[in-house]
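Participant: All you need for my numbering is the position in the sequence shown, starting with 1, plus 6. Quick reminder that beta carbons are idealized off the backbone N, C-alpha and C, glycines included. Before I ask anything, let me first share the structure, which is written out below as structure tokens.
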Amino acid sequence: MRETVADALDKIGASGREGGGRGGLGHRLGSSAAAEELYASVWNGARAVKARRESGDGLLREAKTQRNAWLEAAFAMLAEGGVDHVRVEPLARRLRVTKGGFYWHFKDRAELLATMLGHWRDGRVAVIARHVMPEAGEDAEAVLRRLLARYLDHPNPRGVAIEMAVRDWARHDATAAAAVAEVDRARLAHVAPLFEALGATAGEARARARLFYAYVFGQNLLTPGHDDPAEAARVSERITTILLGRRGMA
């Protein structure tokens, strides 16, 4: 292994202490007070070099804690306890680094929160745009049914918890409220044309799109109303028929 400067200086210091061979620091400097002072300076300098090197390794390790890791941990804490739960020191403990590592990626907590909102907003908008794209052989009704199944039959508990936490955050924060409003607009704008494709007018389609999402989010908040899975499936189908049915569309 290649010898570092600090290791070499340690060896020099050790040989000087022992008053070793011709290369020893003690032999070269003698025993005068000036030599002892110079020896002490070299010895302390070697220890300082090693300390800086070790400290630098720690800082580099914390800098390498990825920005996404901080975001993922922050979203987990948001889902668990809301925005007030997202704090720098608990985040650092969760990631097992010092809070100094946080500042490699974010100016302060406010920047972290703003980044989280942007990440959530952009992610939700991209997801709905992808989900409304028809798969092979699908018509508008099939797409809407697939969306309902995705939201209700295969829910993402973490995603739902984050959504609810962001919406609670939006009740008292204008920036969060703007992010939620943008996501809602995107969702309605992508789903309403599917209802138009079923024969609804533009106004009716917008109303049904809003009912569609009110049902999705409301259902996630309700406890199951039926112990019988078959009955629950029949109720779900009746609600879906009401949402998607063409009768009454004018």
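Using a Cβ distance threshold of 8 Å, determine whether the stretch 100-108 contacts the stretch 143-153, with at least three qualifying pairs required.
Facilitator: Contact between the stretch 100-108 and the stretch 143-153 is absent: fewer than three C-beta pairs spanning the two stretches fall below 8 Å.
Participant: Indicate the three-state DSSP secondary structure (helix, strand or coil) for L204 in the structure shown.
Facilitator: Reading the sequence shown from its first residue, position 198 is the one you call residue 204. Residue state, collapsed to three classes: coil.
Participant: Please report the residue range of the alpha helix (DSSP H) in which W126 lies.
Facilitator: Along the sequence shown, read from residue 1 onward, the residue named residue 126 stands at position 120. W126 -> alpha helix (DSSP H) spans 115-137.
Participant: Let me confirm a value: A239 is counted as buried when at least 16 other C-beta atoms fall within 10 Å, else exposed. Which label applies?
Facilitator: Start at 1 with the first residue of the sequence shown, and residue 239 comes out as number 233. By the 10 Å Cβ count, A239 comes out exposed.
Participant: Could you tell me the distance, in whole angstroms, from the CA atom of E147 to the CA atom of L217?
Facilitator: Within the sequence shown, numbered from 1, the residue matching residue 147 stands at position 141. Within the sequence shown, numbered from 1, the residue matching residue 217 stands at position 211. C-alpha separation (whole angstroms): 15 Å.
Participant: When the distance is taken between beta carbons, is L84 closer than 9 Å to W175?
Facilitator: By one-based count along the sequence shown, residue 175 stands at place 169. By one-based count along the sequence shown, residue 84 stands at place 78. Contact flag set, yes.
Participant: When we look at the beta-carbon of V241 and count the other beta-carbons within 10 Å, is it buried (16 or more) or exposed?
Facilitator: Taking the first residue of the sequence shown as position 1, residue 241 is located at position 235. By the 10 Å Cβ count, V241 comes out exposed.
Participant: Curious, which full-length beta strand (DSSP E) runs of at least 3 residues does the stretch 142-219 contain?
Facilitator: At a cut-off of 3 residues, not a single continuous stretch assigned as beta strand (DSSP E) sits fully inside the stretch 142-219.
Participant: Using CA atoms only, rank isn't needed, just tell me which of A98, R214, F81 is closest to I248.
Facilitator: Against the sequence shown, residue 248 aligns to sequence position 242. Put simply, of A98, R214, F81 the residue whose alpha carbon is nearest the alpha carbon of I248 is R214.
Participant: Who are the near neighbours of G122 in its chain, counting only those whose CB is closer than 8 Å to its CB and skipping five residues on each side?
Facilitator: Here residue 122 is taken as the residue at index 116 of the sequence shown, counted from 1. The question names Gly, but residue 122 in the sequence shown is Met. So the qualifying residues of the chain are L77, A80, F81, L84, V92.
Participant: Can you check the stretch 86-118 for any alpha helix (DSSP H) of at least 4 residues that lies completely inside it and give the ranges in chain order?
Facilitator: 94-101
Participant: What is the C-beta distance between F112 and A98, in whole angstroms, given that I count them as a contact (C-beta under 8 Å)?
Facilitator: Here residue 112 refers to the residue found at position 106 when the sequence shown is read from its first residue. Here residue 98 refers to the residue found at position 92 when the sequence shown is read from its first residue. That pair is no contact at about 12 Å.
Participant: Determine the direct distance from the alpha carbon of Y157 to that of D90, and round the result to whole angstroms.
Facilitator: What you label residue 90 is simply residue 84 of the sequence shown in a count that begins at 1. What you label residue 157 is simply residue 151 of the sequence shown in a count that begins at 1. Taking the straight line joining both Cα atoms gives about 27 Å.
Participant: By Cβ distance below 6 Å, which residues in the same chain neighbour V222 in space, the five residues on each side in sequence not counted?
Facilitator: In the sequence shown, residue 222 corresponds to position 216, counting from 1. Answer for V222: Y157, listed in chain order.
Participant: Mapping DSSP to helix, strand and coil, what is L228?
Facilitator: Translated into the one-based positions of the sequence shown, residue 228 becomes position 222. Note: L228 maps to coil in three-state DSSP.
Participant: With a threshold of 16 other CB atoms inside 10 Å of the CB of G228, please say whether the residue is buried or exposed.
Facilitator: Indexing the sequence shown from 1 puts residue 228 at position 222. Checking the sequence, you will find Leu at residue 228 rather than Gly. Looking at its Cβ environment, which holds fewer than 16 other Cβ atoms inside 10 Å, L228 is exposed.
Participant: Can you tell me where the alpha helix (DSSP H) holding P235 begins and where it ends?
Facilitator: Locating residue 235 in the sequence shown gives position 229, counting from the first residue. Segment 235-250, the alpha helix (DSSP H) holding P235.
Participant: Would A213 count as contacting chain B if we go by Cβ distances under 9 Å?
Facilitator: In the structure shown, chain B cannot be found, because there is only a single protein chain.
Participant: Taking A72 as the reference, which of A142, W110, G88, V94 has the closest Cα?
Facilitator: By one-based count along the sequence shown, residue 72 stands at place 66. Rather than Ala, the amino acid found at residue 72 in this sequence is Gln. Here the closest residue by C-alpha is W110.
Participant: Per DSSP, what kind of secondary structure is H33 in: helix, strand or coil?
Facilitator: As a position in the sequence shown, residue 33 is number 27, starting the count at 1. Any reading at H33 must be qualified, since the residue scores a pLDDT of 46, below 50, and its modelled position is unreliable; no value is offered.
Participant: Buried or exposed for E237, please, with buried defined as at least 16 other CB atoms from any protein chain shown within 10 angstroms of its CB.
Facilitator: Position 231 of the sequence shown holds residue 237. E237 comes out exposed.
Participant: With a threshold of 6 Å on Cβ separation, who are the neighbours of V166 within its own chain once the five nearest residues in sequence on each side are excluded?
Facilitator: In the sequence shown, counting from the first residue as 1, residue 166 sits at position 160. The beta carbon of V166 lies closer than 6 Å to those of N226 in the same chain, with the five residues before and after it left out.
Participant: Whole angstroms is fine: what's the gap from E188's alpha carbon to R127's?
Facilitator: Indexing the sequence shown from 1 puts residue 188 at position 182. Indexing the sequence shown from 1 puts residue 127 at position 121. Straight-line Cα distance between these residues: approximately 7 Å.
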